[in-house]
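>
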Amino acid sequence: MKSVTKVTVLGPTGRLGRAICAAVLDAPDMELVGAIVRSQSAFLDEDVGEMLDRDTVGCRTTVPFEDALELSDIVIDASMPAMTISVAERMAVQARKCGLVTGVTGFTTEQSERLATAAQRVPLLAAGNFSLGIAVIEALVEQAAILPAKDWDIEISETHHRLKADAPSGTALLLGHAAARGRGINHEAMAVWAREGVTGPRRPGTIGYAVSRGGGIIGEHEVRLLSDMEEISISHRTHDRRVFARGAITATRWMCDGGKGREPGLYSMQDVVKA
Numbered sequence: 001m002k003s004v005t006k007v008t009v010l011g012p013t014g015r016l017g018r019a020i021c022a023a024v025l026d027a028p029d030m031e032l033v034g035a036i037v038r039s040q041s042a043f044l045d046e047d048v049g050e051m052l053d054r055d056t057v058g059c060r061t062t063v064p065f066e067d068a069l070e071l072s073d074i075v076i077d078a079s080m081p082a083m084t085i086s087v088a089e090r091m092a093v094q095a096r097k098c099g100l101v102t103g104v105t106g107f108t109t110e111q112s113e114r115l116a117t118a119a120q121r122v123p124l125l126a127a128g129n130f131s132l133g134i135a136v137i138e139a140l141v142e143q144a145a146i147l148p149a150k151d152w153d154i155e156i157s158e159t160h161h162r163l164k165a166d167a168p169s170g171t172a173l174l175l176g177h178a179a180a181r182g183r184g185i186n187h188e189a190m191a192v193w194a195r196e197g198v199t200g201p202r203r204p205g206t207i208g209y210a211v212s213r214g215g216g217i218i219g220e221h222e223v224r225l226l227s228d229m230e231e232i233s234i235s236h237r238t239h240d241r242r243v244f245a246r247g248a249i250t251a252t253r254w255m256c257d258g259g260k261g262r263e264p265g266l267y268s269m270q271d272v273v274k275a
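Last residue of the sequence shown? That's 275 in the UniProt record's numbering, and every number before it is there in order.
1) Helix, strand or coil for E196 per DSSP?
2) Please classify I146: does DSSP put it in a helix, a strand, or coil?
3) D151 to D228, Cα distance in whole Å?
4) Hey, quick one: how far does the alpha helix (DSSP H) through E263 stretch, first residue to last?
5) Cα separation between R162 and G215?
6) So, are the CB atoms of V211 and I154 less than 8 Å apart?
7) Assess, as a yes-or-no matter, whether the region 80 to 97 is touched by the region 236 to 243 under the definition of 3 or more beta carbon pairs within less than 8 Å.
8) Step through the CB atoms of chain C and report whether any lies within less than 8 Å of the CB of E263.
9) DSSP three-state label for R253, please.
10) Counting beta carbon pairs with one atom in the region 245 to 265 and one in the region 168 to 188, are three or more of them shorter than 8 Å?
11) For the UniProt domain "Dihydrodipicolinate reductase N-terminal" (6 to 130), list the alpha helix (DSSP H) runs that are entirely contained and at least 4 residues long, ordered along the chain.
12) Per DSSP, which one or two residues make a beta bridge with T159?
13) What are the start and end residues of the alpha helix (DSSP H) that includes A181?
14) Between R114 and the rest of its own chain, which residues show a CB-CB distance below 6 Å, the 5 nearest in sequence each way excluded?
15) Mapping the DSSP letters down to three states, classify H187 as helix, strand or coil.
16) Buried or exposed: which applies to D77, given that a residue is buried once 16 or more other Cβ atoms fall within 10 Å of its Cβ?
17) How do the region 99 to 108 and the region 24 to 44 stand: do at least 3 beta-carbon pairs fall below 8 Å, yes or no?
18) Alpha carbon to alpha carbon, how far is V104 from A23?
19) DSSP three-state call for D240: helix, strand or coil?
20) Quick one: give me the first and last residue of the alpha helix (DSSP H) that D271 is part of.
21) Whose C-beta lies closer than 8 Å to the C-beta of V7 among residues of the same chain, with five residues either side of it excluded?
22) Return the residue from the list A92, G17, Q143 that minimises the CA-CA distance to C266.
23) Evaluate T5 with the Cβ neighbour count: other Cβ atoms within 10 Å of its Cβ, from every protein chain shown; 16 or more gives buried, anything less gives exposed.
24) Tell me whether G14 is buried or exposed, calling it buried when 16 or more other Cβ atoms sit within 10 Å of its Cβ.
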């Protein structure tokens, strides 16, 4: 008999969180046992099924996460950086180990370091984007970036809906870091975040970013590698937000590894697609 993975979702009320909850409820090999919200949430103590305009499912949103962690095999995170860090560090010290799959972006350097420390004791998959397509182009960008920096310029552009709060997007940064790895350079030292006024010639080896916000665009990303004589363009467009939930479920199954679970460590969607 197939084992059922018990799942808690952090941040179940946002667009991604709702899609993940729906995907977990629809998955025959998963059971939703926890849904963690902020104390001021308008959806506190609501049945997740009713929140999704479905029949009741017997799992209600709550603020304390300790009980849900004790019940869970894995936590899928669609919350905010502060909650991610709080839960990851709590998971690192609890006796019963379960994995964490997070799609949260916008971590500060200090928060990223704390997340990496927690991953020494917790199996933790951090995804700048749950899309399997993005994971594939991340690998392509890293490979393409081996072209010599003195001859090839790298520019990354992204477009999202008008409500997106962070810029550049976590996915754009993911692709920028892939390009930096391919070139063997320090991303922060070579990133150019904005251009305005008289900027002078482009500094060789830099990675440029451009951001657009408007309408209801789910997500568009393009990486251009440009020389004097030719150009390589690697792009991705999201047509359906459910792709992120589908990727989160795929990542969760990979992390559970047929019920055995992964060893503590920091994983990414690259590990998932390579499998």
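Beta carbons: idealized from backbone N, C-alpha and C, even for Gly.
Looking at the coordinates:
1) For E196, the secondary structure class from DSSP, reduced to helix, strand or coil, is coil.
2) When DSSP states are grouped into helix, strand and coil, I146 belongs to the coil group.
3) So the two alpha carbons sit approximately 8 Å from each other.
4) Counting along the chain, no alpha helix (DSSP H) covers E263, and no H or E run does either.
5) The alpha-carbon atoms of R162 and G215 are separated by roughly 6 Å.
6) Against a cut-off of 8 Å, the Cβ pair of I154 and V211 comes out as no contact.
7) The region 236 to 243 is not in contact with the region 80 to 97.
8) Chain labels in this structure do not include chain C; a single protein chain is all it has.
9) In this structure, R253 counts as helix in the three-state DSSP scheme.
10) The way I'd put it, the region 168 to 188 doesn't touch the region 245 to 265; fewer than three beta-carbon pairs between them come closer than 8 Å.
11) Secondary structure remark: continuous alpha helix (DSSP H) runs of at least 4 residues inside the UniProt domain "Dihydrodipicolinate reductase N-terminal" (6 to 130), in chain order: 15 to 26, 48 to 51, 66 to 71, 81 to 93, 109 to 118.
12) When beta bridges are read from the DSSP output, T159 appears opposite S212, E220.
13) Checking the displayed sequence, the identity of residue 181 turns out to be Arg instead of Ala. Start and end: 170 to 183.
14) Excluding sequence neighbours, R114 sits near I85.
15) Three-state result, H187: helix.
16) Classification for D77: buried.
17) No, the region 99 to 108 does not touch the region 24 to 44.
18) Distance from the CA atom of V104 to the CA atom of A23, rounded to whole angstroms, is 18 Å.
19) Looking at D240 - three-state DSSP - the assignment turns out to be coil, as it is neither helix nor strand.
20) Following the DSSP letters along the chain, one finds D271 inside the alpha helix (DSSP H) bounded by residues 269 to 274.
21) The beta carbon of V7 sits closer than 8 Å to those of V24, M30, E31, L32, V33, G34, S72, D73, I74, V75, I76, T252, all from its chain and outside the five residues before and after it, given in chain order.
22) Note on identity: in this sequence residue 266 is Leu, with Cys being the wrong assignment. Checked all of A92, G17, Q143; the closest Cα to L266 is A92.
23) Buried.
24) The residue in question, G14, is exposed, as its Cβ has fewer than 16 Cβ neighbours within 10 Å.
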